[in-house]
Amino acid sequence: MCGIVGIIGKGDVADLLVAGLRRLEYRGYDSAGVATLVNGRIERRRAEGKLVNLEARLKEQPLPGRIGIGHTRWATHGIPNETNAHPHATDRVAVVHNGIIENFVELRAELKARGCTLESETDTEVVAHLITLYLKDGMKPAEATHAALKRLQGAFALGIVFAGEHDLMIGARRGSPLAIGYGDGEMFIGSDALALAPLTQRITYLDEGDWAVITQQGATIHDAEGHVVKREIRATALSGALIGKGGYRHFMLKEIYEQPQVIGDTLRSYVNPTSRDITLPSLPEALVTAPRMTLVACGTAFYACMVAKYWLERIARLPVEVDIASEFRYRAADMPKGGVTLVVSQSGETADTLAALRYARAQGQHIIAVVNSPESTIARESDTVLQTLAGPEIGVASTKAFTTQLTVLACLTLAVARARGALSAADEGRLVSALIEVPARAADVLNHDGRLRDLAQGMIEATDVLYLGRGTSYPIALEGALKLKEISYIHAEGYAAGEMKHGPIALIDETVPVIVIAPSDELFEKTASNIQEVVARGGRVVFFGDAKGIGGLGDIDATCIALPEVDPFVAPILYSIPVQLLAYHVAVLKGTDVDQPRNLAKSVTVE
Ligand code: F6R
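Per the numbering used here, the sequence shown starts with residue 391, numbered consecutively.
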C-alpha cells in the first residue's frame with residue numbers, strides 16, 4: 391500500500407522516478423507525485439488518479455533535478471485528491487510515506503499550536519512539519535529526522551529530501567518495507583526491489599527501526615537508537631524487464647492462464663520426479679510431535695490456509711487452528727512453546743500477517759512461511775521458507791499465487807503426514823500422483839474459458855451472488871465470492887452448503903445466481919441435496935462438478951460445467967480456476983478496471 395521511490399542520480403531523475411512508480415503502481419493508484427530539488431528548492435508535481443495523470447502533468451510542466459522522491463498512493467487518511475497526494479512538503483523538507491502515523495492527531499494539534507499551517511488531511515504531512523521544526527531549532531537534517539522519528543507512532547517507510555541538500559536523502563523504516571539500492575555513483579530507495587530492479591541489482595533491506603543517511607557515495611544505516619549498524623548488501627535476482635501482459639488483455643487473465651506452468655514449476659521444486667517423494671526444506675521436529683499447528687493469513691491467502699486445515703487434519707491427523715491475521719494478532723492467545731505457526735502471503739509484506747508472525751515468534755513458535763517473494767520481510771523473519779514459484783503477480787486479484795499456495799500446502803500436508811506416520815505408502819503414492827497430474831488438468835480446465843464467458847453474460851445484472859461448497863470446496867466458495875466482489879463490485883457471499891438452511895436460504899429467488907462447487911467426493915450427495923433445496927425455491931444454480939456429479943444430479947434445472955474427474959485431494963486447486971475465470975469475465979463485461987479495482991491495492995502494508 392503506497393509505493394515509494396527515491397533517487398540521487400547523475401542526471402535528471404523525474405522520468406526514472408515515474409518509471410519506478412510504474413513498477414510500484416500495484417501498491418496503490420489513488421494519486422501519484424514526485425518532488426525534486428531545483429536550484430536547491432523543493433518542487434513538486436502531483437496528480438489525482440493513476441500514474442498516467444502524473445505523467446501528463448510532468449509533460450506539461452517538466453521537473454528537472456538530480457535528486458528526488460516519488461509516491462503512488464493508496465489513501466488512508468484523506469480523500470484521494472491532489473492536495474492529499476504525496477510528496478508532502480514544507481519549504482525545507484519533502485516526504486513520501488507508506489504506512490500510518492497513528493498519533494498524527496496529537497502531532498497536528500501540537501504543530502498548529504506552534505504556528506504550522508497544514509494543507510492536507512493526511513497523517514503524513516506532520517512528518518514534514520516536525521522535521522522542519524527541528525531544523526529550525528538548529529538541528530542538522532539527520533539529527534532532525536532522528537528526533538522526528540522518535541515522536542512517531544505507527545508504521546512507516548519514509549523517503550525524505552531537504553531543500554538545499556543535493557546530495558542527501560534519508561530513508562526510514564518501521565513496520566513498512568524499504569530497500570536501499572546501490573548504483574555506480576547513484577543511490578536509490580524503494581518500497582521493494584522490483585521498483586529498483588532496472589536501476590540496480592544491489593539491495594539492502596532496512597531492518598525494523600532502521601534509518602539511513604544516503605548520499606551519492608553510499609548509505610550510513612542507523613538503528614532506532616541512532617547507532618551505526620551494518621546491513622548486508624544482497625544481489626537481487628529480479629529482472630529489470632518491465633513485466634508485460636504477454637498479449638493478454640489483462641494481467642489477471644495472463645496470470646490465470648499461467649497456472650498450469652507455475653503450478654508445475656512449484657511442484658517440481660517439492661516433488662522428486664523420479665522417486666515421486668516430497669522433498670521439503672527440513673521441517674521442525676515439532677511438526678511430528680505437535681498437538682496442534684496454527685495457520686494465519688489474510689484474504690485469499692487465508693482461504694488457502696482454510697483448505698490446508700482440511701488437508702492437515704484429515705490426511706496428516708494434525709489438528710489445525712486457522713485464523714485471519716488481523717484477528718489472531720489481537721486475541722493474545724497463549725501458544726504452546728515449541729509449537730509451529732505457518733503464515734501464508736503472496737507479497738510477504740502484509741502488515742497483519744507480519745504482526746501475527748512476530749506475535750507467534752514471541753510465543754516461542756517455529757515459523758514456517760509460504761511466500762511468493764523470497765526477499766520479503768515475512769520470508770526474512772521466518773525459520774523455514776516454502777516458496778511458491780508463481781512469479782510476479784501484478785493483477786490485484788490473486789489467482790496464480792493462490793493455486794501455487796495450495797500446491798505448496800498440499801506438498802507440506804503429505805510431508806507432515808508421512809513424518810507423523812499418518813499415511814500409508816499406497817495412499818501417499820496415490821496422492822502424489824494426483825498432484826503431479828494437476829498442471830495437465832489445469833490446462834483442461836482452461837478450455838472452459840469460452841463457456842464461462844457465456845455464463846458471465848447472464849450474471850452481469852445480478853446484485854447478489856451466492857457461492858456454496860462443503861469440505862475443501864467451502865474455502866473455494868469463499869474465494870469465488872471474494873474474486874467476484876473485488877473485481878466486478880457485485881455483492882457475493884460464500885457459504886458452507888450445509889449452513890444455507892440456517893439463514894442464507896432466505897436470500898434465494900430467481901434473481902440470485904447460486905454457484906455450487908461440488909467435485910465428486912464423499913460429501914457430494916449432501917451438497918446435491920442442498921442444490922435441490924435451492925432449485926425448489928426458484929434459485930438459478932450454476933454447478934461446477936465433474937461428469938459423474940452432473941449425472942448424479944439427474945434432471946435438475948441447473949447450468950453445469952463439467953470439470954475433469956480428479957482425486958478430491960487436488961480438487962480445490964483445480965476448482966479455483968473456473969471461479970477465477972467467471973469473476974474475470976463478469977468484471978470485463980461490466981467494464982470495471984480488472985487489474986486495478988477501485989479502493990484496493992496489491993500489497994497491504996497497513997493494518
Ligand atoms: C484477493 C487478494 C487479497 C490478498 C491479501 C493477502 O484477491 O489478493 O485478499 O490475498 O491481501 O495478501 P498477501 O498474500 O500478499 O499477504
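Glycine included, every Cβ here is placed at the ideal spot set by N, Cα and C.
- Classification of D574 by the beta-carbon crowding that lies within 10 angstroms, buried from 16 upward: exposed
- Query: According to DSSP, what are the bridge partners of W601?
  - Reply: A562 and H612
- 8 Å Cβ shell around I784 - same chain, five flanking residues per side excluded: Y416, I633, F641, E645, D985 and K992
- Task: Compute the minimum distance between the beta carbon of L872 and the heavy atoms of ligand 1, and state whether it is under 7 Å.
- Result: yes
- Query: Would the beta-carbon of D600 fall within 8 Å of that of H617?
  - Reply: no
- Are T473 and L411 close, meaning C-beta to C-beta below 8 Å? no
- Task: Express the C-alpha separation of I850 and P979 in angstroms, rounding to a whole number.
- Result: Position check: residue 979 holds Leu in this sequence, whereas Pro was assumed. About 7 Å.
- Message: I'd like the ranges of any alpha helix (DSSP H) spanning at least 4 consecutive residues and lying wholly in the segment 639-685.
- Response: 641-647, 649-660 and 676-679
- Task: Note down, one range per segment and in chain order, each alpha helix (DSSP H) of at least 4 residues found wholly within the segment 796-849.
- Result: 815-826, 828-836 and 839-847
- Task: Tell me whether the beta-carbon of A562 lies closer than 8 Å to the beta-carbon of G580.
- Result: no
- Task: Look at G460 and L407 and say whether their C-beta atoms are less than 8 Å apart.
- Result: yes
- Message: I need the straight-line Cα distance from V428 to V395, nearest angstrom please.
- Response: 18 Å
- Distance between Q649 and Y857 (C-alpha atoms, nearest Å): 22 Å
- Message: Taking a contact to mean a Cβ-Cβ separation below 8 Å, would you say A977 touches I877 in this structure?
- Response: yes
- Cα-Cα separation between E598 and T535, rounded to whole angstroms: 16 Å
- Measure how close the beta-carbons of M725 and L708 come, nearest whole angstrom, since I'm counting them as under 8 Å. That belief does not hold up - the Cβ atoms of M725 and L708 are roughly 15 Å apart, past 8 Å.
- C-alpha gap between Y749 and A722, whole angstroms: 8 Å
- Whole-Å CB distance - F340 paired with S566, under 8 Å assumed: Outside the shown range of the chain (391 to 997) lies residue 340, about which nothing can therefore be said.
- Message: Please give the ranges of any beta strand (DSSP E) in the segment 506-554, keeping only runs that are unbroken, at least 3 residues long and fully inside the region.
- Response: 544-552
- Task: Output yes or no for whether 8 Å exceeds the beta carbon distance between I398 and I668.
- Result: no
- Mapping DSSP to helix, strand and coil, what is G939? helix
- Task: Within its chain, find whatever has a CB closer than 7 Å to the CB of A706; leave out the 5 residues flanking it on each side and keep chain order.
- Result: T803, V806, A807, R810 and A812
- Message: Once the 5 residues before and after Q795 are set aside, which same chain residues still bring their CB inside 7 Å of it?
- Response: A691, A694, V734, V760 and T778
- Query: Quick one: complete beta strand (DSSP E) runs, 3+ long, within the segment 686-723?
  - Reply: 710-714
- Return the bridge partner residues of Q591 from the DSSP annotation. BP columns for Q591 are empty, so no partner.
- Item | Rounded straight-line distance, which links the Cα of I963 to that of L702 | 15 Å
- V855 lies in the beta strand (DSSP E); which residues open and close that run? D854 to G859
- Closest by CA to L628, which one among L589, D655 and G636? L589
- Any idea what DSSP makes of Y419, helix, strand or coil? coil
- Item | Classification of Y720 by the beta-carbon crowding that lies within 10 angstroms, buried from 16 upward | exposed
- Looking only at C-alpha atoms, which of I457, Y974 and V925 sits nearest to M405? Checking the displayed sequence, the identity of residue 405 turns out to be Asp instead of Met. For D405, the nearest C-alpha among the options comes from I457.
- Cβ contact check for the segment 880-887 and the segment 861-870: 3 or more pairs under 8 Å: yes
- Item | Opening and closing residue of the beta strand (DSSP E) in which H756 lies | H756 to V761
- Task: Sort A961, E923 and T774 by Cα distance to V904 and report the nearest one.
- Result: E923
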